Every structure is written in structure tokens, then in C-alpha cells.
Ligand code: 13P
Ligand code: SF4
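So this is what it looks like as C-alpha cells:
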């Protein structure tokens, strides 16, 4: 997906950290209740310190839906800002400080390839009995597709409830774009490997035989998160060898082999609660984005919180949001100029809202 963020004016690129922080503080104070800054747990500290609320993608979408602020500055990635615009019914101005803050996983499924998959499935099976489920990490166009076709959105904190709901409404699910969240949810619900097949959008009929499509309950789009796929069983083994009493908590975007050997699995909010619930002195190995792990370590000095992968990279798109971009959007708002507004077109928003609201009702 091509989104273009122009270069920031020199005022911001040449500013010191102190200047940026004082400009942000001043603009925030001037805008007062007209402004709500939302921060996803993967944001860096220089941004997160300004967030009025922090959360996982589900929690933030709820906060956006309930907000009465005129401006919602979403410190997260593009699909989150789109969801906020959809859930606020276009009543708020939702702003993403850097338009290039996308999500590589979300970009692994686009409307054309999902529509092609749908047509291919319709040729070999009863399409009326297939329920499409899209992970929150997807474009508004895909959420709209799902809304039109009777499906729902899910997040990492409610995938189990949404998949259970979908199984009550059809015989088969097409789950995109994250194969891992889909597979992990399938196993959680008692499915076996033979109930699930990977749908490769680059191949005819997803690279499957007709019989596979007919047999499968869960068709898993071949997408993944480049951050979470880095965690391996060997990391968990090494952590356990060093800390035999340690606790392993991972995000459900990790591969199933990793989930299998973890103690607890859940969304970013769940991971935070798991660390909070661990007793002082506990050692916790976490499988998720490094900024959250570092924040948990800093906020819980009486516990040892480490990344399971010592070489783990940050999410490069979340990392695009920095103090300079935040200062730039806020100072523009003070001047009455809205930059980087994320606006989903009316028809797409209408159907995407159907899919998002189904999720909110289910959960
Ligand atoms: P959460 O829904 O757990 O916040 O996860 C969002 C995300 O992008 C994880 O990679
Ligand atoms: Fe997307 Fe992965 Fe980054 Fe989450 S961590 S925003 S899924 S690329």
C-alpha cells in the first residue's frame, strides 16, 4: 500500500528533544479537551508519555468509539486510525502523525486478492456457508468486504469469541490476513491440523486441492507479522534453561510451536496484566514488540522482564511515529490546520462499521 508522508518542515527536523517536548506540551494544553491522544502499547516512550490513553488495538478502538473529542491523534498504525474514523462515524477528525506508519501484515491481504479468493471458493463450495473474518490489522476495504459478506472483525483479544460466533453462522471460515492468529485460535477451540489449511493468495485455489477446501473448517490466509514470526521455540528453550521458574508470555501472532511451549498467550493488554499479576522477583520472558517489553521492564523494577529474543527488532512502522511528527500535527491543530487526517470513504466506512460493530456486540 503506497501512502506518502512528505518531509517535515525544518522547524521539527532541526529541533532538540527538549524543544519538541515543550512544543507538544504547549499545544496539548492549548487544545485541552478538544484533543484525545491515543497510544498503542508499541509506541516509543517519547510519544507514549503524551498519550491520554494507552491500549491494545481493541481497547483503543473502544475508546475512539466513545470519545467526544474533536481531534483524535492516533499514535499507532494506519489500520487503527481507519478503525477509529469508522467507529466515530466521521464525527471526529482522526489524525495519524506519519502517513507511512502502516502494518506489513495488513498489507499482505488486499481487496482484489480477497475478492479473487472468494470467487475461487464460490466455484468449488457453497459460498453462502463461508464466513469471512478479518483481523483488525487490515484495511478498511477488507473490513467492508467482511461486513458485506456477513462476517466480522476480530482482534488478538477476542479472536476466540469471534471465531466461535462465526462457526455458528457457517460451515467454513476464511480468516485473514494473519495465519498465526487464525491457527492459534483454531487450536484453542479444539480443532486439529486437518481442520485448517493455509490459503496462499499467490496460487490458484490458494494452492489447495478442491478436496482440501471442502474438508477444511478454517482457511488461513498466508500472512504473518514480521516482528512476531521472529520468536522461535529455541528462544523459549534458552529462556527456560536460564530461568527454570520463569514465566513465558507471548502474543498470539507468534507461530503455533511457540504458543505451544508458552505459559500464557494474549494481546498486548493481556501481556501487561500477566506481568502485573506475576509476584515480585518473578522472571518473565515476553514474546512481543520490544518497546512494550522495555516499558514493562522499566515499570516493574521488582520483576525481571526480558524479550525472549535478545535480537528482536522494533515494529518499524510503529516506530515511524516520533515526537517530531507529533509536535508537527499538534501545532498545526493549534493553528486550525488539520494535517494527516485519516478519512474512510462513506460506503466503505458504512460496511466496515457493520463488521466492527458485529465484533463489539459479540465481545
Ligand atoms: P494488539 O491487538 O494485541 O494490541 O496487537 C496489535 C498488533 O499490531 C500486534 O502486532
Ligand atoms: Fe503490524 Fe506486526 Fe507491527 Fe503489529 S507488530 S503493527 S502486526 S507489523
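Residue numbers (our numbering): 663 to 1025.
Yeah, the Cβ is synthetic: ideal placement off N, Cα and C, and Gly gets one too.
Keep in mind it's a predicted model, so treat the numbers as computed, not measured.
CA nearest to the CA of residue i, picked from the options
i, options, result
"residue 901", "884, 923, 885, 889", "923"
"residue 617", "843, 987, 941, 911", "Since the first residue of the chain shown is 663 and the last is 1025, residue 617 is not available in this structure."
"residue 1003", "754, 709, 804", "754"
"residue 668", "961, 919, 938, 763", "763"
"residue 887", "766, 859, 806", "766"
"residue 1020", "714, 811, 691", "811"
"residue 713", "732, 723, 690, 727", "690"
"residue 956", "823, 933, 943, 695", "933"
"residue 953", "747, 853, 863, 703", "703"
"residue 905", "948, 915, 875, 920", "948"
"residue 692", "999, 756, 995", "995"
"residue 899", "855, 889, 910", "910"
"residue 881", "858, 866, 870", "858"
"residue 1035", "818, 829, 968, 912", "With the chain covering 663 to 1025 only, the question about residue 1035 has no answer from this structure."
"residue 670", "1023, 982, 687", "982"
"residue 666", "1025, 715, 731, 740", "740"
"residue 860", "895, 836, 853, 852", "836"
"residue 787", "834, 895, 946, 884", "834"
"residue 758", "865, 797, 968, 709", "709"
Heavy atom of the ligand 13P within 6 angstroms of residue i beta-carbon
i, result
"residue 796", "no"
"residue 818", "yes"
"residue 856", "no"
"residue 723", "no"
"residue 729", "no"
"residue 969", "no"
"residue 930", "yes"
Residue i: CB within 6 angstroms of a non-hydrogen atom of the ligand SF4
i, result
"residue 710", "no"
"residue 887", "yes"
"residue 719", "no"
"residue 744", "no"
"residue 767", "yes"
"residue 951", "yes"
"residue 799", "yes"
"residue 739", "yes"
"residue 977", "yes"
Where residue i falls, given that 16 or more other Cβ within 10 Å makes a residue buried
i, result
"residue 848", "buried"
"residue 975", "exposed"
"residue 839", "buried"
"residue 973", "exposed"
"residue 963", "exposed"
"residue 718", "buried"
"residue 760", "buried"
"residue 928", "buried"
"residue 951", "buried"
"residue 1006", "buried"
"residue 960", "exposed"
"residue 845", "buried"
"residue 694", "exposed"
"residue 676", "exposed"
"residue 979", "buried"
Beta-bridge pairing of residue i - partner residues as DSSP gives them
i, result
"residue 835", "793, 880"
"residue 717", "702"
"residue 861", "883"
"residue 1003", "757"
heavy atom of the ligand HEM below 6 angstroms from residue i C-beta
i, result
"residue 725", "Among the ligands in the structure shown, the ligand HEM does not appear; only the ligand 13P and the ligand SF4 can be found there."
is_contact[residue i, chain D] using C-beta, thresh 7 angstroms
i, result
"residue 936", "Considering every chain present, this structure includes no chain D. It has just one protein chain."
3 or more residues per run - each beta strand (DSSP E) lying fully within the region 663-709
697-702
Counting only runs of 3+ residues fully inside the region 868-901, write out the beta strand (DSSP E) ranges in chain order.
880-883
Where are the alpha helix (DSSP H) runs, 4 residues long or more, that stay fully inside the region 734-818, in chain order?
740-749, 773-786, 802-810
Entirely enclosed beta strand (DSSP E) segments - the region 905-975, minimum 3 residues
909-912, 945-949, 966-969
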